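Below: the structure, in structure tokens.
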Amino acid sequence: DAEITQSPRHKITETGRQVTLACHQTWNHNNMFWYRQDLGHGLRLIHYSYGVQDTNKGEVSDGYSVSRSNTEDLPLTLESAASSQTSVYFCASSGSGSTDTQYFGPGTRLTVL
Amino acid sequence: LAKTTQPISMDSYEGQEVNITCSHNNIATNDYITWYQQFPSQGPRFIIQGYKTKVTNEVASLFIPADRKSSTLSLPRVSLSDTAVYYCLVGPLNTGFQKLVFGTGTRLLVSP
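Written out as structure tokens, the structure is:
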């Protein structure tokens with residue numbers, strides 16, 4: 056069965072370190088997304104991609120970057136982790152049809168000390 | 163951006179119908195409304211999606227009035243396993259994703 060996976064599921068890091076969160080989908084979806092989820096804010100869009108070599112900023116992109124070298128993967132990098140980036144991160148993907156919905160991964164809980 | 167507003171929490175009992183409303187006054191012409199369910203330590207899971215009027219599937223109904231400034235998710239005869247957080251998402255489906263806006267979620271507690 057097609058799926059979307061994230062790794063690691065839990066990560067603890069220190070302020071200033073570079074961190075990369077992985078997202079891999081086997082749906083063959085063109086669109087991929089990264090969200091963060093914080094209490095009281097729901098899910099907020101960080102970055103998204105329409106396809107290979109395409110990346111775009113979302114609502115809360117400062118301090119984050121993504122790259123899309125193939126259809127299946129969209130890694131999220133925190134160049135210099137900050138305590139404000141402690142959150143739960145969700146990756147999602149969707150097809151390019153007019154009514155395609157997003158499928159979400161299980162999430163990565165990141166703690167920045 | 164189509165800011166969305168949902169009730170923070172709702173309580174219900176098994177077997178009852180539950181209606182959760184999402185307000186989205188600034189919805190754009192090409193925006194769809196999608197509802198997701200989320201359990202603890204899991205990613206959101208798609209429930210239902212619509213553009214206008216009424217949509218029904220095997221688990222829920224979605225009511226959207228003509229002005230589209232709100233939507234109501236209806237869960238018939240809830241069970242304990244429906245205890246979860248429910249989010250509405252407003253935005254386009256295949257382009258213009260910078261306009262996607264999730265609600266802050268409604269925590270539904272179903273009691274015996």
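Residue numbers (the numbering used here), protein chains in the order written: chain A, 56 to 168; chain B, 163 to 274.
Glycine included, C-beta positions come from ideal geometry on N, C-alpha and C.
Since we're looking at a predicted model, the values are computed, not measured.
Alpha-carbon to alpha-carbon, residue j and residue i
i      : j      : result
B:R207 : A:Q73  : 30 Å
B:G177 : B:A222 : 14 Å
B:T183 : B:S232 : 7 Å
B:Y194 : B:T166 : 13 Å
A:G150 : B:V180 : 31 Å
A:N85  : A:G162 : 20 Å
B:N187 : B:R230 : 8 Å
B:F264 : B:S273 : 27 Å
A:G152 : A:C78  : 22 Å
A:E69  : A:S135 : 9 Å
A:L131 : A:V167 : 15 Å
B:S203 : A:R91  : 13 Å
B:S171 : B:T234 : 15 Å
A:V176 : A:W89  : Missing from the structure shown is residue 176 of chain A; chain A here goes from 56 to 168 and no further.
B:Y248 : A:D93  : 15 Å
B:L271 : B:Q199 : 13 Å
B:I226 : B:L237 : 15 Å
B:D244 : A:R164 : 24 Å
B:V240 : B:A228 : 27 Å
A:A147 : B:L224 : 23 Å
Min CB distance residue i to chain A below 7 Å
i      : result
B:T183 : no
B:N256 : yes
B:F225 : no
B:T266 : yes
B:T196 : yes
B:P206 : yes
B:Q211 : yes
B:F259 : yes
B:L235 : no
B:L262 : yes
Closer than 7 Å to chain B by CB, residue i
i      : result
A:G160 : yes
A:S120 : no
A:L76  : no
A:S151 : yes
A:Y144 : no
A:L165 : no
Which residues DSSP lists as bridging residue i, in chain order
i      : result
B:F208 : B:Y198
A:W89  : A:H102, A:C146
A:H65  : A:R164
A:F159 : A:A147
B:A246 : B:L270
Check: residue i C-beta below 6 Å from any heavy atom of the ligand PLP
i      : result
B:I195 : Ligands are entirely absent from the displayed structure, and the ligand PLP is therefore not among its contents.
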